[in-house]
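J.: Encoded as structure tokens, here's the structure I'll be asking about.
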Amino acid sequence: MELEEIVYTPPSYFFDRINQNTKLCRYVYQTLIKQKAPNKINAQDKWKTTLMEGSIEWKNMYMKPIKLTNETKLREFQFQFLNRIVPNNSFLF
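In our numbering, the protein residues as written are 69 to 161.
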């Protein structure tokens, strides 16, 4: 009866994967981008059910405040409203 040979492989640590030539911030950023969550936004699904519309051009909806106004507060409000972050009476009750 032959025994299988056990080969020890040391664990790979995060810092071992970084070369001297690699820039740390760029490597960390690219690693985080690879692990990024999918682009599906739950607020968009809620808006589709609320408005009962099948095809909403979301890219156009997010670009409108950028094209139409220079006010950062209005842009911020539009983003919060589209993502259903702004509380109103229907959200509170």
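Backbone N, C-alpha and C fix where the C-beta goes; we use that ideal spot for every residue, glycine too.
1. Since Met129 is in the alpha helix (DSSP H), which residue starts that stretch and which ends it?
2. Can you name the start and end residues of the alpha helix (DSSP H) that Asn110 belongs to?
3. By how many angstroms is the C-alpha of Thr118 removed from the C-alpha of Asn110?
4. One question on the structure: do Arg152 and Trp115 come within less than 9 Å of each other, judged by their Cβ atoms?
5. Please state the DSSP three-state secondary structure of Glu139.
6. Taking only three categories from DSSP, how would you classify Tyr76?
7. Give the single residue among Val75, Phe145, Gln103 and Gln112 whose Cα lies nearest to the Cα of Ile124.
8. Could you spell out where the alpha helix (DSSP H) holding Lys91 opens and where it closes?
9. In the structure shown, what three-state DSSP assignment does Asn157 receive?
T.: So, from the data block:
1. Run containing Met129: Trp126 to Leu136, per the alpha helix (DSSP H) assignment.
2. Asn110 to Leu119
3. Across the structure, Asn110 and Thr118 are spaced so that their CA atoms are roughly 13 Å apart.
4. yes
5. In the structure shown, Glu139 sits in coil (DSSP, three-state: anything other than H, G, I, E or B).
6. In the structure shown, Tyr76 sits in coil (DSSP, three-state: anything other than H, G, I, E or B).
7. Gln112
8. Element bounds for Lys91: n/a, residue is neither H nor E.
9. helix
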